[in-house]
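As C-alpha cells, the structure follows; a few thoughts come after it.
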Amino acid sequence: MKILRSALVFLFTSLGVCAQNRADSAAWVHDTAQRGDFVLVDRARVADLVVAPDDFKVVSLAATDLATDIERVTGRKPALQTTARTPSAPVVLIGTLGGSATIDELVRAGKLDVDDLRGAWESFVIATVENPFPGAPSALVIVGSDRRGTAFGVYELSQAIGVSPWHWWADVPPAKKSALYVAAGTRRFGPPSVKYRGLFINDEDWGLEPWAAKTFDPERGNLGPKTYARVFELLLRLKANTLWPAMHACSTPFNAIPENAPLADDYAIVMGSSHAEPMLRNNVGEWPHDRAADYNYITNREGVRAYWDERVRTNGRFENIYTLGMRGIHDSNMQGPKTDAQRIATLEQIFADQRAMLAEHVRRDVEHVPQIFCAYKEVLGLYRQGLRVPDDVTIVWPDDNFGYIRNYASPDELKRAGGFGIYYHLSYLGAPLSYLWLYTTPPALVWEEMTKAYDYGAHTLWIANAGDIKPAEIGLSFFLELAWDVHRWNRENLPDFFRDWATRQFGPAHATEIAGILRTYFQLNYARKPEHLQWWLPGQPPHASPLSLAEIQQRLAAAKSLTARADALLATVPPEQRDAVFELVVYPARGAALANERCFYGELAVRSAADSAQAKNYADAALAADAQLKEETRVFNEQIAGGKWRGIMNLEPADTQWRTMRIAPWTLPKFSDAPAAATDDARPRAFVALEAEHFTDRRAGARGAWEIVPGLGRTGDGSVAVFPTTAASVDPARIASDAPRLDYAIALENSGAFAATFYLIPTQPIRAGRGLRLAFALDDQPPQEVVVGARDDSTEWAQGVLDATLIGRAKFEFASPGAHTLHVYGVDPGVVLDKIVLDAGGLPPSYLGPPETRPR
Numbered sequence: 005m006k007i008l009r010s011a012l013v014f015l016f017t018s019l020g021v022c023a024q025n026r027a028d029s030a031a032w033v034h035d036t037a038q039r040g041d042f043v044l045v046d047r048a049r050v051a052d053l054v055v056a057p058d059d060f061k062v063v064s065l066a067a068t069d070l071a072t073d074i075e076r077v078t079g080r081k082p083a084l085q086t087t088a089r090t091p092s093a094p095v096v097l098i099g100t101l102g103g104s105a106t107i108d109e110l111v112r113a114g115k116l117d118v119d120d121l122r123g124a125w126e127s128f129v130i131a132t133v134e135n136p137f138p139g140a141p142s143a144l145v146i147v148g149s150d151r152r153g154t155a156f157g158v159y160e161l162s163q164a165i166g167v168s169p170w171h172w173w174a175d176v177p178p179a180k181k182s183a184l185y186v187a188a189g190t191r192r193f194g195p196p197s198v199k200y201r202g203l204f205i206n207d208e209d210w211g212l213e214p215w216a217a218k219t220f221d222p223e224r225g226n227l228g229p230k231t232y233a234r235v236f237e238l239l240l241r242l243k244a245n246t247l248w249p250a251m252h253a254c255s256t257p258f259n260a261i262p263e264n265a266p267l268a269d270d271y272a273i274v275m276g277s278s279h280a281e282p283m284l285r286n287n288v289g290e291w292p293h294d295r296a297a298d299y300n301y302i303t304n305r306e307g308v309r310a311y312w313d314e315r316v317r318t319n320g321r322f323e324n325i326y327t328l329g330m331r332g333i334h335d336s337n338m339q340g341p342k343t344d345a346q347r348i349a350t351l352e353q354i355f356a357d358q359r360a361m362l363a364e365h366v367r368r369d370v371e372h373v374p375q376i377f378c379a380y381k382e383v384l385g386l387y388r389q390g391l392r393v394p395d396d397v398t399i400v401w402p403d404d405n406f407g408y409i410r411n412y413a414s415p416d417e418l419k420r421a422g423g424f425g426i427y428y429h430l431s432y433l434g435a436p437l438s439y440l441w442l443y444t445t446p447p448a449l450v451w452e453e454m455t456k457a458y459d460y461g462a463h464t465l466w467i468a469n470a471g472d473i474k475p476a477e478i479g480l481s482f483f484l485e486l487a488w489d490v491h492r493w494n495r496e497n498l499p500d501f502f503r504d505w506a507t508r509q510f511g512p513a514h515a516t517e518i519a520g521i522l523r524t525y526f527q528l529n530y531a532r533k534p535e536h537l538q539w540w541l542p543g544q545p546p547h548a549s550p551l552s553l554a555e556i557q558q559r560l561a562a563a564k565s566l567t568a569r570a571d572a573l574l575a576t577v578p579p580e581q582r583d584a585v586f587e588l589v590v591y592p593a594r595g596a597a598l599a600n601e602r603c604f605y606g607e608l609a610v611r612s613a614a615d616s617a618q619a620k621n622y623a624d625a626a627l628a629a630d631a632q633l634k635e636e637t638r639v640f641n642e643q644i645a646g647g648k649w650r651g652i653m654n655l656e657p658a659d660t661q662w663r664t665m666r667i668a669p670w671t672l673p674k675f676s677d678a679p680a681a682a683t684d685d686a687r688p689r690a691f692v693a694l695e696a697e698h699f700t701d702r703r704a705g706a707r708g709a710w711e712i713v714p715g716l717g718r719t720g721d722g723s724v725a726v727f728p729t730t731a732a733s734v735d736p737a738r739i740a741s742d743a744p745r746l747d748y749a750i751a752l753e754n755s756g757a758f759a760a761t762f763y764l765i766p767t768q769p770i771r772a773g774r775g776l777r778l779a780f781a782l783d784d785q786p787p788q789e790v791v792v793g794a795r796d797d798s799t800e801w802a803q804g805v806l807d808a809t810l811i812g813r814a815k816f817e818f819a820s821p822g823a824h825t826l827h828v829y830g831v832d833p834g835v836v837l838d839k840i841v842l843d844a845g846g847l848p849p850s851y852l853g854p855p856e857t858r859p860r
C-alpha cells in the first residue's frame, strides 16, 4: 500500500496529535483483532523484529528492549533478526533512513513515502505496509529520520503495548495480554518542540550514588556504566536526548570511566555538563584538590586551557553539547577577576579560547558545534551588564532554583542564531532551604513557567535538575512530555494530566482516585514543601509558624485525609502494582502527611502548654508521626521490590553536610513564641477573601485576557494570569480602557478604610527590574497600580519562595456598605494572581490567608 504524501500532511495535524497521547494508544494498539490489523502477537504467530546489521547501535538496543517488552506483556518473545527469515509471516521492520537497506528499498519501491521525514530532527513514522516484499503479506515499519528518531519510534510502540517508561525505575508492571494488534495506517511523530531535552543528575550524595554503590553496582562501588545504561534507556523511553551527569565529589567523574562516553554514544545520548563545568569537565573530581587556587584564568591561563583542551580532544568524536564560560570549581564565583568589568572581559576571552579548541578538535566551522552559555546565579548579572556571547551559542536561562525562571529574551535577543534554553530545578540543594527529599513542584507551575519560556524563544535546550531521579518521576515525565510537544498540555486539559498519567502507569481502574490523591498532595506541598516545615532559616533562633490555629487544623485534616486515601488505594490495587503504587503515590503522600503531622502536632504541644495533658497528647502524636515516617522510609529502602532500592531514599536532612542550606533534624519544638491555643484567632474579623480564579465576570484587554491556570495556587483550585504571555504591557495611563479586567462581586457590612492584599505566585518579571504590575479599582473609581517584586538574593524573595507567594498591598475606602464590584487589571504579562483579601482590621498574621468568603 503506497503511503501518500497527503496522508503524511494529515498526520502532522491530526494523527500525530492523537498518537502522542499515550492514553489514546488503545486506538491503534489493542488485544482484540479488527479488520486490517497488523498481527504483532496472536496465538499462532509472533512477528519477527528485523534490524539491519549496519544500522546505528541504538537501534539494535531499542529493538532488543522492544522484544523484551513484548515478552513482558504477552509472555512470548519475538526473534530479533537482521533479515526477514520467514517471508510468509508478519515482520516489524525497524530502521533509520539511509541506515537500513530494507527500509530504503521500500522507499525506492514507492511503498513508503518518507519525503516529509527526510532531514527532520528526531522524527519517526510507524506505518503498516501491505506486501512489503515478495511472499510477505504485511509489515509494520518503524522508520526514523535519524538514529534517535528510530529509537523513539521503537519505544513509542513499547508504550503503546502498555510498557511504561518507568517499568524499571519505578517497577511499573504492564498489563498482561494474550495478543497484540496494530491498527492499519500511518502515524507520524516529531519533530520535537525543543531540540535538546534532558536531565541533570545532581546532589546524588544521599540517594543515587549510595544506592548504586552498595545495591545496584557494588562491584563498581559508584555510579558507572551499569547505572548509566539504565539512565540512558530511561531518557530514550521519555524521548529525551541529553544528560548532564552526576558531578558531586562522591561520584566518580563520568569521563574518568573509559566505558561511559562510548556507552552514551551507543545510546545516542548527547552528553553535556552543568553550568559550573565547562567543556565536559568535572571540576570537583578532575581538577586536583591541592591545586584549587590554580583554577584561575588570570594567573594560570595555560594550565586551565590545557585541562579543557584534553577533554575536547578525547571526547570530540562523540555527540556533545559544550558548556562555555567559567565559574568556580563547584557552583561558586570565578576566581581571579576582581570587578564585574574584569569578569566580563575574562569571560569573553574564555569564549574565544574555548571555541578555538572546538574548531581544532570537533569541527572547523565552530558555529555548527552545539554550545551553550548558562547564565546561572551571578553570571546572569554579568550578562545583563553587557557580556557578549557569540551569536551561534545557545543562551540558557536559569530559574531561581525554586521553579521561577529568572530571565526572558527581548525582541532583539530573539534574533540570535543560537537561540535559548532553560535550566530548571525540580530538586535543589541551596539557600534559603533545600528540597531534596520528595518531589513537590506542581506540574501546573512547570507548565506555566516552561510554556512562557517557550513563548519567549526557549526552543533549543531544556534541562531538568531532578536530583536522584527518584522520586521525581512525575515531574520528569511532565517536563519531558512538554519538551517533546509543548502544546500537548494546555489550560483546558492540564487538569487531566494526573488521571492521564495514572492511566498510563496503572490502567483506568484506579486512575481517578490516584489523580485525586496527587492533586491534594501537590496543593498541600506547594503551600509549604515538607522540607521547609520550619519557619526559621539556618542560623536563626527557632520560632513558631505564622499559621493560625484554624489553619493548622485545616492542614492536619488535609494530611490525615491524604494518608487515609493513600492507605485505601494501596489496599485495593492488584498485588503486582503495589510496589509501583507505593513508590509513585503512597510513599510521597504518606511522607508529606507525616512530615506535617510531626511538625504541627509538635507546635500544638507548645501552644497547649497550659494544659499538660493536652500538650502530652500532641507531643505523643508528633513523636508517633516521626517514628512512622522513618518506618515508611525503611520500608521503601528495605522491602519494596525485594530491596531493589536499598539506599535510594533518605529523609531531609540526610546528614550534617551543607548545614547553612538545610533544615535542622526534627525534634519536639521548644520555642516560646507560639500563641496559646485558647486565645488564637480570638480577634474579630472583617474581611473579604477571594480566590482569584473565582471571578464573576471578565473583560479582555486590547492585547490579552486574564485566563485561569488550573492547579496552580496555595489555596483554591487555580490562579489567573494574562495570556498570551507575549502580550505587551499596558500603558499605566490606559489601564482602565486597555488592560484585561477581572470583576468580583462583593458584599460588605461595613464602610471605611480597607487594606487590599494581593497574593501572587512568586514569578520573576518578564522584563528584569520592572516588577510585577497589576492594578485594581472599586466600582467606578480610577485604577490604583500595585507593583510587586523582590530581588532573588533578598530576604523578601527567600520568604516568597518558601511561602510560594509574593504579596502586594494597597489601601482604599468603601464609602458605603452593601454590594460592590472589585476590578482587577492586568498591566504586565507574567503576573500570576492567586488570591485577594480585603481587610478592615482584626486579621491575625496568616500564612495561608483566611478562607474564601463568597458574595452573599
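5 is the number of the first residue of the sequence shown in our numbering; add one for each residue after it. Just so you know, even glycine gets a beta-carbon here, dropped at the ideal spot from N, CA and C.
Residue from Leu826, Gln768, Leu465 with nearest C-alpha to Ile376: Leu465
Inter-stretch contact (C-beta, 8 Å, three-pair minimum) for the segment 250-257 and the segment 225-242: yes
For Tyr36, the three-state DSSP class (helix, strand or coil): One point to set straight first is that residue 36 is Thr, not Tyr, in the sequence displayed. Three-state DSSP puts Thr36 in coil, outside helix and strand.
Member of Arg813, Asp796, Asp843, Leu746 whose CA lies at the smallest distance from the CA of Gly830: Leu746
Segment contact flag, the segment 519-539 with the segment 654-671, C-beta cutoff 8 Å, min 3 pairs: yes
Whole-angstrom C-beta distance between Ser142 and Thr154, which should lie under 8 Å: Between Ser142 and Thr154 the Cβ distance is about 20 Å, and since that is not below 8 Å, they are no contact.
Inter-residue spacing [alpha-carbon to alpha-carbon] between Glu800 and Leu716: Distance from the CA of Glu800 to the CA of Leu716, rounded to the nearest whole angstrom, comes to 21 Å.
Boundaries (first-last residue) of the beta strand (DSSP E) holding Phe699: Neither: Phe699 is in no beta strand (DSSP E) and is coded neither H nor E.
Continuous alpha helix (DSSP H) stretch holding Thr455: start and end: Unbroken alpha helix (DSSP H) run through Thr455: 447-459.
Cβ-Cβ distance between Trp488 and Ser197 below 8 Å: Cβ distance < 8 Å, so Trp488 and Ser197 count as in contact.
Pairwise C-alpha distance: Arg611 and Thr671: 16 Å
Beta-carbon gap between Leu362 and Gly329 smaller than 8 Å: No, the pair does not count as a contact, with Cβ atoms beyond the cut-off.
CB contact flag (Asp344, Leu386, <8 Å): yes
Beta-carbon proximity check, Leu267 vs Ser277, cutoff 8 Å: no
Inter-stretch contact (C-beta, 8 Å, three-pair minimum) for the segment 518-527 and the segment 566-575: yes
Continuous beta strand (DSSP E) stretch holding Gln375: start and end: Counting along the chain, the beta strand (DSSP E) containing Gln375 begins and ends at 375-378.
Counterpart residues of Tyr432 in DSSP-defined beta bridges: Tyr439
Asp721 to Lys564 span [Cα, whole Å]: 20 Å
Spatial distance of Asn405 from His34 (CA atoms): 43 Å
Among Arg47, Ala280, Lys634, Glu656, the one whose alpha carbon lies nearest that of Gln339: Ala280
Simplified DSSP state of Ser481, which is helix, strand or coil: helix
Coarse secondary structure for Ala27, derived from DSSP in three states: Confidence in Ala27 is poor, its pLDDT being 38 and thus under 50, which makes the residue's placement unreliable; the coordinate value appears in the next sentence. In the structure shown, Ala27 sits in a helix (DSSP, three-state: H, G or I).
Beta-bridge partners of Trp248, as assigned by DSSP: The partner list for Trp248 (beta bridge, DSSP) reads Phe204.
Which listed residue (Ala584, Leu480, Val370) has its alpha carbon closest to that of Gly320: Minimum Cα distance to Gly320 is reached at Val370.
Contact with chain D by Thr567, beta-carbon distance below 8 Å: The chain labelled as chain D is not found in the depicted structure, where only one protein chain is given.
For Thr825, the three-state DSSP class (helix, strand or coil): strand
Minimum C-alpha distance to His365 - residue among Phe322, Ile333, His334, Glu635: His365 has its Cα closest to that of Phe322, out of Phe322, Ile333, His334, Glu635.
Gly194 beta carbon less than 8 Å from that of Glu236: Per the sequence shown, the amino acid found at residue 236 is Phe instead of Glu. It is not a contact, given that the beta carbons lie outside the stated cut-off.
Cα-Cα separation between Asp701 and Gly775, rounded to whole angstroms: One C-alpha to the other measures close to 26 Å.
Status (buried if at least 16 other CB within 10 Å, exposed otherwise) for Trp125: Classification of Trp125: exposed, given that the 10 Å Cβ count is below 16.
Under 8 Å between C-beta atoms of Val62 and Arg151: Result yes, Cβ atoms of Val62 and Arg151 sit closer than 8 Å.
Whole-number beta carbon distance between Phe816 and Leu782, since they are thought to touch under 8 Å: 6 Å
Phe220 versus Gln85: straight-line alpha-carbon distance, rounded: 31 Å
The ligand FAD heavy atom lying under 7 Å from the CB of Pro786: Judged by which ligands are present, the structure shown has none, so any question about the ligand FAD falls away.
Cα-Cα separation between Thr507 and Asp298, rounded to whole angstroms: 54 Å
Distance, Ile652 Cα to Trp505 Cα: 23 Å
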